[in-house]
Ligand SMILES: [Mg+2]
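Numbering (my numbering), first residue to last: 1 to 373.
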């Protein structure tokens, strides 16, 4: 009989160079410094999770995730891995915020427990594979000609939708960027934009009205996260749907946005909510409020995004999919897991768990910190 006991946890801080710097209104990223968590059950079965801390969004760094991971690992050793809600509550009790590191543990637990149950993660979460999921690709915030050039390249690569990073104060250059991109890609390719909190209320209002005829799906996080007053008046006035991203980390945040009418849409990321457990609650809040959602990424490898795709398959009202972060990495250290088709459909198979793992040769390049009995 299988015994259910976490007897060992590995913490592995990794690093992968990006093909080119990823630039948003908050700065440029050149390397994905993701922390990997492997949680072992007593029978040798293990689950794998990863997190990608963004200091400008989470307030977390890789060094911080490793320090907290040691504490979280010590607290989980000896417990039954199947008690995921209890483990998530414990992590939230032990450490305020730090959603990124908690996400890596949550992801590893869901992988492990669905493996132990012999189910692919989407089935473990009571989802199905009927849903068609296609990813966008993201254009970094650069000068408008470079952005238009990149957008055309992505269109030629067959991406069915593009996401464009904006958020420069003063907004006029952003409008010029979007006009140049729309002209370059033609009238029909769906485009979505993300200001990453870069505008103030007036910038956002002027920008969104100036771009109303550019056929844009939605705008992520136009103004400062937490500024519910300006978010709410912008949501009421904007001709383009407003999506809350950095404003929604926790289920509590989701309630604040819903009750404050501060967005039309949510962007759910496992790395913001502390993993699948809390993301399920956010998705349920959005469903109850009759809101559509997007799922999104930081700079996760194919492993983190594979877990996200399983989660995506549970919810019909998640209709936007921003699953491009693995494409930005200069190497793919992951075996198994999601596949991208030529037309950028994203699929997973029926391997138990999320179905992805890190190549042991990749992990051996880094320090492996072991916490055990
Ligand atoms: Mg965003």
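We put the CB at the ideal spot given by N, CA and C, even for glycine.
Every value quoted in this text rests on a predicted model; they were computed, and no experiment measured them.
*Leaving out five residues on either side along the sequence, give the residues of the same chain with a beta carbon under 6 angstroms from the beta carbon of residue 43.*
2
_Residue range of the unbroken beta strand (DSSP E) whose run includes residue 372_ = Looking at the DSSP string, the run of the beta strand (DSSP E) that includes residue 372 is 369 to 372.
*Please classify residue 95: does DSSP put it in a helix, a strand, or coil?*
coil
*Within the structure, which residues are defined as neighbours of ligand 1 by a Cβ-heavy atom distance below 5 angstroms, reported in chain order?*
194, 220, 245
_Neighbour-count burial assignment, residue 148, 16 or more Cβ in a 10 Å radius_ = buried
*DSSP three-state assignment for residue 387, whether helix, strand or coil*: Lying before the first or after the last residue shown, residue 387 is absent from the chain, which here runs from 1 to 373.
*Under the assumption that residue 24 contacts residue 191 (Cβ atoms under 8 angstroms), give the Cβ distance between them as a whole number of angstroms.*
With 8 angstroms as the limit, residue 24 and residue 191 do not qualify as a contact, their Cβ atoms being about 16 angstroms apart.
*Buried or exposed: where does residue 354 fall if 16 or more other Cβ atoms within 10 Å of its Cβ makes it buried?*
buried
*When burial is assigned at 16 or more other CB atoms within 10 Å of the CB, is residue 196 buried or exposed?*
buried
*Give every residue of the same chain whose Cβ lies closer than 7 angstroms to the Cβ of residue 90, excluding the five residues on either side of it in the sequence, and list them in chain order.*
Listed in chain order, the non-local C-beta contacts of residue 90 below 7 angstroms within the same chain comprise 75, local neighbours out to five positions each way being set aside.
*Would residue 50 pass as a contact of residue 300 if the rule is Cβ separation under 9 angstroms?*
A distance below 9 angstroms separates the beta carbons of residue 50 and residue 300.
*Rounded C-beta distance between residue 333 and residue 359? I'm assuming under 8 angstroms.*
Their Cβ separation, rounded to whole angstroms, is 5 angstroms, which keeps residue 333 and residue 359 in contact under 8 angstroms.
*Nearest-angstrom Cα distance between residue 293 and residue 182?*
24 angstroms
*Can you tell me whether DSSP reads residue 112 as helix, strand or coil?*
helix
_Please classify residue 366 as buried or exposed, where buried requires at least 16 neighbouring CB atoms within 10 angstroms._
exposed
*Whole angstroms is fine: what's the gap from residue 79's alpha carbon to residue 350's?*
Spanning the two alpha carbons is a distance of roughly 28 angstroms.
_With the cut-off set at 9 angstroms, would you say residue 68 and residue 113 are in Cβ contact?_
no
*Using three-state DSSP, classify residue 291 as helix, strand or coil.*
coil
_Measuring straight from C-alpha to C-alpha, what distance separates residue 119 and residue 272?_
Each residue's Cα considered, the two are about 26 angstroms apart.
_Between the segment 207 to 220 and the segment 233 to 243, can you find at least three pairs of beta-carbon atoms closer than 8 angstroms?_
Counting C-beta pairs with one atom in each stretch, the segment 233 to 243 and the segment 207 to 220 have three or more that are closer than 8 angstroms, which means they touch.
*Pick helix, strand or coil for residue 31, following the three-state DSSP scheme.*
DSSP, reduced to helix, strand and coil, places residue 31 within a strand of the structure shown.
*asked:* Taking CB distances under 9 angstroms as the criterion, tell me whether residue 222 reaches chain D.
replied: Judged by its chain identifiers, the structure shown contains no chain D, having just a single protein chain.
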